[in-house]
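Let me begin by presenting the structure, written as structure tokens, before commenting on it.
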Amino acid sequence: MSSLLIANIGSLVTNDPGIGEGPLGLVRDAALVVEDGRVVWAGPGSRTPEGAARERFDAAGRAVIPGFVDSHAHLVFAGDRAPEFEARMSGRPYTAGGIRTTVAATRQATDGELDENVRRLVAEALRSGTTTIECKSGYGLTVEDEARSLRVAAGHTPEVTYLGAHVVPPEYAADPDAYVDLARGAMLDACAPHAKWIDVFCDRGAFDGDQTRAILTAGKARGLVPRVHAGQLGPGPGVAIAVELDAASADHVTHLSDADVDALASGGTVATLLPGAEFSTRSRYPDARRLIDAGATVALAADCNPGSSYTTSIPFCVALAVRDMNMTPAEAVWAATMGGARALRRADIGHLGPGARADAVLLDAPSYVHLSYRPGVPLVARVWKDGVPAA
Ligand SMILES: [Zn+2]
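Position 389 (the sequence shown) corresponds to 389 in UniProt numbering; numbering is contiguous.
Printed below as a string of structure tokens:
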């Protein structure tokens with residue numbers, strides 16, 4: 001049995017209010033005991049239980065937090081869209097690119113090239129403290145390319161999402177409903193065995209409410225659990241459908257009616273905020289305060305994708321959420337850890353209470369507050385995944 005003691009922790013975020021102070025379950029001068037990849041004890045260092053043959057790691061007064069749970073990412077793609085970003089940031093309209101550029105590049109890529117891209121981004125995310133990451137398809141948009149995208153994703157994470165309904169591909173532009181039939185028919189048949197979740201981009205220019213409901217309902221019948229891209233570009237029916245179908249999360253949720261906020265606050269659907277997308281498109285941020293004050297469960301995720309948010313950095317998103325979305329530093333850290341776990345319906349991650357996976361991050365800082373107080377600084381000093389040093 002492997003056993004690890006992380007001692008001399010200046011401040012420990014457990015996300016377990018039974019262990020420490022506030023919603024973060026904060027313990028100062030703390031210690032953490034790990035056995036076989038699971039947390040067996042967390043609390044004040046002075047009360048560390050006796051144990052034999054433990055490896056001891058000295059945190060030297062620095063902070064330890066749960067590994068980030070990034071519940072929204074699009075990692076299976078080829079190429080990048082830097083020219084499109086530069087044009088947008090230079091105030092020039094860009095018409096030739098967009099998601100179709102990525103779809104074309106992804107269809108032409110080999111399995112090995114797609115696999116290498118996912119490996120690279122998952123490793124990059126891990127270095128900034130992300131120990132669990134969800135991954136969607138959505139740049140293949142043919143039966144074969146969606147299925148292989150999911151097979152590639154499944155090689156890197158268990159949190160795999162079928163997003164055949166990302167956009168209508170160019171070859172179906174004249175008959176979008178025929179594409180909806182494919183996405184809920186033969187494409188779903190080919191993809192369901194490789195995925196846990198099903199997602200639809202419900203927004204203007206993507207899929208409408210009836211199409212979204214039809215695709216998600218078909219996915220549920222195949223055992224997939226829905227999540228929805230909702231309210232990114234404008235108001236729409238996405239949130240209402242997400243709550244109606246008991247989706248795990250409604251993501252983006254920038255444009256919300258009062259009824260949407262009420263539905264999120266009273267249902268079991270997590271509101272996942274993706275501030276990297278607003279940052280990278282110079283758009284208005286979602287109103288996190290309104291959601292939290294209403295009682296909704298809020299998650300933060302990076303939305304890594306080559307078009308609208310090409311970042312894997314959750315610390316960056318935490319800083320944005322605090323600076324520009326009126327979240328407190330504690331709320332933002334909770335949303336990026338426990339909130340992400342709730343959005344993935346996982347009880348074993350996102351916290352460091354007994355029984356949790358020992359996915360933990362050592363910060364080169366005395367407190368979690370430094371994640372937003374020192375934006376852009378690489379504060380992640382060490383990452384443990386299942387109790388093993390991973391980065
Ligand atoms: Zn997305």
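For every residue, glycine included, the Cβ atom is placed at its ideal position computed from N, Cα and C.
Range covered by the alpha helix (DSSP H) that runs through residue i
| i | result |
| --- | --- |
| Glu116 | 111-127 |
| His21 | For clarity, residue 21 is Glu in the given sequence; the question names His instead. Run containing Glu21: none; DSSP gives neither H nor E here. |
| Ser149 | 143-154 |
| Glu331 | 329-334 |
| Asp177 | 176-183 |
| Ile6 | Looking at the DSSP string, Ile6 is not in any alpha helix (DSSP H); the run it does join, the beta strand (DSSP E), is 3-12. |
| residue 396 | Residue coverage of the chain in this structure runs from 1 to 391, which leaves residue 396 outside it and unanswerable. |
| Asp70 | Careful: Asp70 lies outside any alpha helix (DSSP H), inside the beta strand (DSSP E) at 68-70. |
| Val103 | 99-108 |
| Ala343 | 340-343 |
| Leu188 | 186-191 |
Distance cut-off 7 Å: residue i Cβ against heavy atoms of ligand 1
| i | result |
| --- | --- |
| Asn326 | no |
| Asp303 | yes |
| His351 | no |
| Asp203 | no |
| His156 | no |
| His255 | no |
| residue 447 | Absent from the structure is residue 447, since the part of the chain shown begins at 1 and ends at 391. |
| His229 | yes |
| Asp189 | no |
| Asp36 | no |
| Asp251 | yes |
The beta strand (DSSP E) enclosing residue i, as first and last residue numbers
| i | result |
| --- | --- |
| Ala42 | 38-44 |
| Ile133 | 130-133 |
| Thr161 | 160-165 |
Nearest-angstrom beta carbon gap, residue j and residue i [assumed within contact, 8 Å]
| i | j | result |
| --- | --- | --- |
| Val333 | Gly129 | Their Cβ separation, rounded to whole angstroms, is 11 Å, which puts Val333 and Gly129 out of contact at 8 Å. |
| Gly350 | Ala42 | So it is not a contact: roughly 14 Å between Cβ atoms. |
| Leu126 | Ala391 | 5 Å |
| Leu245 | Thr217 | 7 Å |
| Glu134 | Leu344 | 6 Å |
| Gly140 | Glu146 | 4 Å |
| Ala153 | Leu75 | 7 Å |
| Ala263 | Val243 | 4 Å |
| Ala299 | Ala335 | 5 Å |
| Met327 | Ala321 | 4 Å |
| Tyr285 | Met325 | 5 Å |
| Leu163 | Gly138 | 4 Å |
| Ala59 | Asn117 | Their Cβ separation, rounded to whole angstroms, is 34 Å, which puts Ala59 and Asn117 out of contact at 8 Å. |
| Thr212 | Val228 | 7 Å |
| Val180 | Ile215 | 6 Å |
| Ala173 | Cys202 | The Cβ separation is near 19 Å, so there is no contact. |
Coarse secondary structure for residue i, derived from DSSP in three states
| i | result |
| --- | --- |
| Gly61 | coil |
| Pro93 | coil |
| Glu50 | coil |
| Ile349 | coil |
| Arg81 | coil |
| Ala87 | helix |
Within-8 Å CB hit, residue i to chain C
| i | result |
| --- | --- |
| Lys385 | Reference to chain C is not applicable here, since this structure consists of a single protein chain. |
Check your understanding: In chain order, which alpha helix (DSSP H) runs of at least 4 residues are fully inside the region 202-248?
Key -> 209-221, 238-244
Point to revise | Contiguous beta strand (DSSP E) assignments of at least 3 residues, all confined to the region 236-312 | key: For the region 236-312, the continuous beta strand (DSSP E) assignments of 3+ residues that do not extend past its boundaries occur at 249-252, 270-273, 298-300, in sequence order.
Check your understanding: Which whole runs of the beta strand (DSSP E) in the region 353-389 are 3 residues long or more, in chain order?
Key -> Within the region 353-389, the complete beta strand (DSSP E) segments of 3 residues or longer fall at 360-363, 380-385, listed in chain order.
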